[in-house]
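J.:
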Amino acid sequence: MEELLIKTGRIVDEQIRPSINSHGGDITIVGLDKEVLTIKLTGHCAGCPLSQISTAQWIEETINKSMGTDLKVKVYNEVSDELWDFAKTILRKQ
1 MEELLIKTGR
11 IVDEQIRPSI
21 NSHGGDITIV
31 GLDKEVLTIK
41 LTGHCAGCPL
51 SQISTAQWIE
61 ETINKSMGTD
71 LKVKVYNEVS
81 DELWDFAKTI
91 LRKQ
């Protein structure tokens with residue numbers, strides 16, 4: 001598990017963080033539990049559920065493509081579960 005976390009951290013540092021930084025944000029890996037990578041976004045996209053969903057999908061795709069894994073990305077945030085679920089519903093309808 002530790003080796004997977006190290007490899008994931010490298011991909012975040014090399015492929016993901018530069019893009020997020022260019023938009024005024026940053027990313028922190030909170031943890032890796034089984035096949036779920038928990039991240040925290042800070043900066044411009046930190047409080048917006050819609051942008052967090054699309055960013056999480058991009059991060060998930062980037063990591064899985066680079067590593068040949070099937071990790072799921074969960075964004076740690078302080079938005080209520082109800083608001084988070086509502087945002088997901090809106091995105092699914094588009």
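Residue numbers for the sequence shown follow the UniProt record's numbering, so the first one is 1 and each next one is one higher. Glycine included, every Cβ here is placed at the ideal spot set by N, Cα and C.
Exposed or buried, what is LEU5 when buried is set at 16 or more other beta-carbons lying within 10 Å of its beta-carbon?
T.: exposed
J.: Our contact map puts ILE11 next to MET67 with C-beta atoms below 8 Å; I'd like the distance itself, whole angstroms only.
T.: 7 Å
J.: Do ILE16 and the ligand SAM come close, with the Cβ less than 7 Å from some heavy atom?
T.: This structure lacks the ligand SAM, and indeed carries no ligand of any kind.
J.: For THR89 and chain C, any beta-carbon pair shorter than 8 Å?
T.: Going by chain labels, chain C is absent from the structure shown, which holds only one protein chain.
J.: Among THR55, GLN52, LYS34 and LEU83, which one has its Cα closest to the Cα of MET1?
T.: Taking only the C-alpha atoms, the option nearest MET1 is LYS34.
J.: Quick one: using the 10 Å Cβ neighbour count with 16 as the cut-off for buried, is GLN57 buried or exposed?
T.: exposed
J.: Could you have a look at GLY31 and say whether DSSP puts it in helix, strand or coil?
T.: Strand.
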